[in-house]
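Peer 1: The sequence shown begins at 1 in the UniProt record's numbering and counts up one residue at a time.
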Amino acid sequence: MPSFHDQNTMKIIAAGASKTGAEDQKVLQIANDVELAELVQGGALQGVERIELHFPKFTDGRAFSQAVLLRRRYGFTGDLRATGDVLIDQLVQMHRSGFTSAVLAEGQNPAAAERQFARYAAFYQGDVLEPRPLFARPPAPEAA
Numbered sequence: 001m002p003s004f005h006d007q008n009t010m011k012i013i014a015a016g017a018s019k020t021g022a023e024d025q026k027v028l029q030i031a032n033d034v035e036l037a038e039l040v041q042g043g044a045l046q047g048v049e050r051i052e053l054h055f056p057k058f059t060d061g062r063a064f065s066q067a068v069l070l071r072r073r074y075g076f077t078g079d080l081r082a083t084g085d086v087l088i089d090q091l092v093q094m095h096r097s098g099f100t101s102a103v104l105a106e107g108q109n110p111a112a113a114e115r116q117f118a119r120y121a122a123f124y125q126g127d128v129l130e131p132r133p134l135f136a137r138p139p140a141p142e143a144a
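This is the structure we're talking about:
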């Protein structure tokens, strides 16, 4: 299984096309009001390959914070999946926060969702994927 840091793309899953988890995969579902420190101290992340963070409604962004904490503070490198009321205009920020896959809400177009990632070539601010701000990164190689 590739590490989170090896992934430059986000897997987009149409509503209804996702199972909770494969039988041979250890999946942990976390509600957005759960205190992550307690889970980690209790050993709940041991052997987990995928964590599903739930967005109960579009305006509730606590799962963004959970994603950043899981990646940066707790070092989770497996699949971090967004579930619930996931709309296409959230996907780029989800990816920058550490999500590697997302199950779209009912009525969202997967093709339109994929196009969201082509809108931005780079970001000035650092994020979970690239913590350095743009000015602190080495220059990109020039195209031949």
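Just so you know, even glycine gets a beta-carbon here, dropped at the ideal spot from N, CA and C.
So, with DSSP's three-state summary, where would you put D79?
Peer 2: strand
Peer 1: Compute the beta-carbon to beta-carbon distance between I51 and G84, rounded to the nearest angstrom, for a pair I have assumed lies under 8 Å.
Peer 2: Wrong, their Cβ atoms sit about 14 Å apart, outside the cutoff.
Peer 1: Please specify which runs of the beta strand (DSSP E), each continuous and at least 3 residues long, are wholly inside the segment 83-110, giving them in chain order.
Peer 2: 101-103
Peer 1: Out of curiosity, what's the CA-to-CA distance linking T100 and R119?
Peer 2: 18 Å
Peer 1: Give me, in chain order, the residues of the same chain whose beta-carbon lies closer than 7 Å to that of A122; leave out the 5 immediate sequence neighbours on both sides.
Peer 2: L134
Peer 1: At what residues does the beta strand (DSSP E) containing R62 begin and finish?
Peer 2: Per DSSP, R62 belongs to no beta strand (DSSP E); it is in the alpha helix (DSSP H), R62 to V68.
Peer 1: Out of R137, A140 and E130, state which residue places its alpha-carbon closest to the alpha-carbon of V68.
Peer 2: E130
Peer 1: Please classify F76 as buried or exposed, where buried requires at least 16 neighbouring CB atoms within 10 angstroms.
Peer 2: buried
Peer 1: Please classify Q90 as buried or exposed, where buried requires at least 16 neighbouring CB atoms within 10 angstroms.
Peer 2: buried
Peer 1: Assuming V40 is part of the alpha helix (DSSP H), what are its boundary residues?
Peer 2: L36 to Q41
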